[in-house]
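A.B. asks:
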Ligand code: SF4
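Residue numbers (the working numbering): 2 to 99.
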């Protein structure tokens with residue numbers, strides 16, 4: 002890792018490292034139940050990843066592990082309340098990027 006880069010650039014650098022070393026960028030998906038409003042757009046994008054529970058909150062299905070990074074990213078981006086967080090294998094939150 003290039004130590005001369007700033008912190009903001011290191012986020013991008015980490016993404017590149019995960020993609021090339023493991024072939025999979027996202028290793029953890031989390032739904033914040035406080036933020037989830039049950040809009041279900043995540044389910045429309047990735048029905049193998051999410052389902053609504055009895056409280057109309059999105060939960061993660063075991064099948065999420067078979068879903069590619071692009072679909073995971075698209076599903077997270079589809080959430081109107083940014084309730085979906087994506088993490089890399091180092092445990093770093095990479096989406097949303099703030
Ligand atoms: S898109 Fe967001 S708010 Fe809607 S069900 Fe999924 S996580 Fe919840």
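Glycine included, every Cβ here is placed at the ideal spot set by N, Cα and C. Small disclaimer: the values here were computed from a predicted structure and weren't measured.
Assuming residue 82 and residue 53 form a contact by the criterion Cβ under 8 Å, report the distance between their Cβ atoms to the nearest whole angstrom.
C.D. replies: Indexing the chain shown from 1 puts residue 82 at position 81. Indexing the chain shown from 1 puts residue 53 at position 52. Contact doesn't hold; Cβ gap of about 14 Å is too wide.
A.B. asks: Consider the C-beta atom of residue 61 and the heavy atoms of ligand 1; say whether any pair is separated by less than 7 Å.
C.D. replies: The count along the chain shown starts at 1 and reaches residue 61 at position 60. For ligand 1, not one heavy atom lies less than 7 Å from the Cβ of residue 61.
A.B. asks: State the Cα-Cα distance for the pair residue 63 and residue 95, rounded to the nearest angstrom.
C.D. replies: One-based indexing of the chain shown puts residue 63 at position 62. One-based indexing of the chain shown puts residue 95 at position 94. Spanning the two alpha carbons is a distance of roughly 21 Å.
A.B. asks: Is any heavy atom in ligand 1 found nearer than 7 Å to the beta carbon of residue 82?
C.D. replies: Locating residue 82 in the chain shown gives position 81, where the first residue counts as 1. Answer for residue 82: yes, Cβ within range of ligand 1.
A.B. asks: Could you tell me if residue 84 is buried or exposed, where buried requires 16 or more neighbouring beta carbons within 10 angstroms of its beta carbon?
C.D. replies: Here residue 84 corresponds to residue number 83 of the chain shown, with the count starting at 1. By the 10 Å Cβ count, residue 84 comes out buried.
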